[in-house]
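Residue numbers (the numbering used here): 168 to 756. Where is the CB? At the ideal position from N, CA and C, for every residue including glycine.
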């Protein structure tokens with residue numbers, strides 16, 4: 168099949184208008200109980216240097232070969248985009264509006280991806296999974312799962328269930344302790360790992376709740392406020408009491424002056440012979456004598472009668488005040504002390520003295536809230552402590568599981584290293600539970616992968632002793648050792664055999680062939696010994712033309728496979744090379 172690099176805008180638009188063309192399919196007669204999963208097809212258009220590619224795949228082990236720089240790994244990159252890798256506009260072919268990628272998977276009836284699809288309401292009745300992603304040259308990418316628009320995060324989730332990709336630079340990550348830990352975690356049951364992650368999330372959530380509670384309290388000093396409230400409680404100033412205290416203080420401090428004023432007023436009201444009451448009565452008698460001569464005098468007489476009543480009442484009230492008036496220095500002192508205390512507390516709290524009762528009540532409510540806050544804080548702190556203990560317990564359980572996995576994985580990897588020509592290699596995991604480790608979803612383990620390639624040498628950290636070639640073999644050995652954990656996923660190996668040759672290459676080929684027995688496997692390789700083990704093989708060629716470059720991807724028959732294997736062996740025109748290539752093919756036929 169051919170792919171054109173560098174098409175013009177018109178070519179892109181013409182292709183985009185007809186891209187609904189159905190892809191060729193294998194007959195739907197596969198035994199879904201026998202095959203756990205397979206990638207059936209991959210369609211790529213306007214992606215980097217590829218114009219258009221449509222590939223159909225079969226069960227088993229497939230190899231992708233070609234000259235260096237031919238674009239073999241671009242197929243893996245395209246699949247990575249369909250599995251949720253980060254997209255960039257530079258992935259769109261020059262001159263095109265968008266790149267369009269799609270893939271079809273066929274799943275067994277018990278595949279875990281089907282449960283995920285059911286939960287997301289994305290399941291198809293025939294057990295297929297159709298993924299599509301469009302990457303525009305000037306905007307955000309879009310994705311579809313089984314024809315329904317989906318988030319890129321959903322692509323990542325289902326992608327992790329469908330495909331496992333081992334990249335060509337994977338061995339370089341072996342010096343990273345987190346990556347070393349991941350190898351152990353692949354051997355640990357998911358429930359053990361998820362318990363640690365869930366407990367870590369719970370602990371962090373409780374911590375956030377505590378922080379929010381403290382922030383909401385505003386940092387108030389509860390002890391100071393309790394002291395201030397006690398001061399106001401001891402004063403106990405009632406509403407409007409301050410105004411009354413001021414009145415009482417003025418009265419008690421002016422008894423002599425009040426007594427003189429009361430006496431003078433009483434003398435004027437009722438004293439003989441010229442009191443106000445007597446003069447009013449005289450006026451009343453004079454007008455009554457002539458009232459029959461002037462009708463309007465009746466109203467005036469009524470006014471005088473009212474005045475007489477008011478004068479009598481005023482005299483009685485004034486007499487009462489005079490009788491109640493007493494000299495009481497002790498009471499005056501108490502009133503003045505209470506006033507002074509009220510004024511002092513009001514000044515201390517920055518309020519007017521008459522507003523002190525209102526401030527007192529507000530302070531009481533704040534203290535009540537602080538008391539409630541303290542109770543809530545104690546409860547949340549208990550939850551934080553409990554969540555921390557649960558995380559520590561689950562981290563200890565994970566540590567024990569990792570320790571068992573480290574022993575088994577190390578033993579399997581050493582056997583795999585022997586198959587890869589490193590018969591004296593040793594591999595161990597230095598695993599320690601760190602009691603001071605911060606709470607995290609990954610647990611509390613310090614992990615260091617220890618390696619020795621030669622006899623008589625104790626294993627040391629791989630970052631200090633392993634060469635690039637040894638790291639490549641070690642990475643392969645770990646993949647071999649952990650192989651059974653990939654069951655149910657398509658496995659992609661992108662030039663993981665770099666730096667390997669000779670008899671070791673045969674061992675890699677046997678491993679990759681074995682990997683396909685649990686499902687489906689693909690390998691981008693430059694080794695004839697590896698490609699010969701494949702059930703089928705694609706060759707990628709890049710052919711320059713006048714204004715563009717075409718990429719041809721051809722599925723090889725037996726004769727063209729022999730030719731390609733001979734080329735990979737460096738003997739394209741040699742009959743000996745072809746015989747060598749045929750001999751490599753024979754074990755896989």
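Original post:
Anyone know if the C-beta pair for residue 583 and residue 647 falls short of 8 Å?
Top reply: yes
Original post:
With DSSP run on the structure shown, which of helix, strand or coil describes residue 738?
Top reply: coil
Original post:
Is the region 665 to 679 touching the region 687 to 705, taking contact as three or more C-beta pairs under 8 Å?
Top reply: Short answer: they touch.
**OP:** With a threshold of 16 other CB atoms inside 10 Å of the CB of residue 372, please say whether the residue is buried or exposed.
**Re:** Exposed, by the Cβ-count rule.
Original post:
Counting Cβ pairs closer than 8 Å, one from the region 244 to 258 and one from the region 273 to 293, do we hit at least three?
Top reply: no
**OP:** Assuming residue 227 and residue 687 form a contact by the criterion Cβ under 8 Å, report the distance between their Cβ atoms to the nearest whole angstrom.
**Re:** Between the beta-carbon of residue 227 and that of residue 687 there is about 7 Å, and that keeps the pair under the 8 Å contact cut.
Subject >> Residue range of the unbroken alpha helix (DSSP H) whose run includes residue 526 >> reply: 523 to 586
**OP:** Return the first residue and the last residue of the beta strand (DSSP E) that residue 299 is part of.
**Re:** 295 to 303
Original post:
What is the residue span of the alpha helix (DSSP H) that residue 244 lies within?
Top reply: 239 to 249
Subject >> Cβ-based neighbour list, residue 201, same chain, cut-off 7 Å, excluding 5 preceding and 5 following >> reply: The predicted position of residue 201 is uncertain, since its pLDDT is 41 and thus under 50; no value can be drawn from it.
Original post:
Around the Cβ of residue 270, are there at least 16 other Cβ atoms within 10 angstroms (buried) or fewer (exposed)?
Top reply: buried
**OP:** Give every residue of the same chain whose Cβ lies closer than 8 Å to the Cβ of residue 744, excluding the five residues on either side of it in the sequence, and list them in chain order.
**Re:** Closer than 8 Å at the Cβ level, and outside the excluded window around residue 744, lie 733, 736, 737, 738.
Subject >> Any 3 or more C-beta pairs closer than 8 Å across the region 292 to 302 and the region 619 to 631 >> reply: no
Subject >> Coil, strand or helix - residue 272 by DSSP >> reply: strand
Original post:
For the beta strand (DSSP E) that contains residue 672, what are its first and last residues?
Top reply: Unbroken run through residue 672 is the alpha helix (DSSP H), 669 to 682; no beta strand (DSSP E).
**OP:** Answer with buried or exposed for residue 232, where buried requires no fewer than 16 other C-beta atoms within 10 angstroms of its C-beta.
**Re:** The residue in question, residue 232, is buried, as its Cβ has 16 or more Cβ neighbours within 10 Å.
Original post:
Where does residue 757 fall in DSSP's three states?
Top reply: One cannot answer for residue 757 here, as it falls past the ends of the chain, which runs 168 to 756.
Subject >> Assigned exposure category for residue 473 - 16 Cβ within 10 Å defines buried >> reply: With a threshold of 16 other beta carbon atoms within 10 Å, residue 473 falls short and is exposed.
Original post:
What did DSSP end up calling residue 705 once you bin it into helix, strand or coil?
Top reply: strand
Original post:
Along the chain, where does the alpha helix (DSSP H) that runs through residue 457 open and close?
Top reply: 443 to 457
Original post:
Going along the chain, which residues of its own chain have a beta-carbon closer than 8 Å to the beta-carbon of residue 601, five neighbours each way excluded?
Top reply: 611, 612, 613
Subject >> Bounding residues of the alpha helix (DSSP H) (the contiguous stretch that carries residue 393) >> reply: 389 to 402
**OP:** Within the same chain, show all residues whose beta-carbon is closer than 7 Å to that of residue 476, passing over the 5 residues directly before and after it, in chain order.
**Re:** If you ignore the 5 residues before and after residue 476, its C-beta comes within less than 7 Å of no other C-beta in its own chain.
Subject >> From 747, 635, 580, residue whose alpha carbon lies closest to that of residue 351 >> reply: 580
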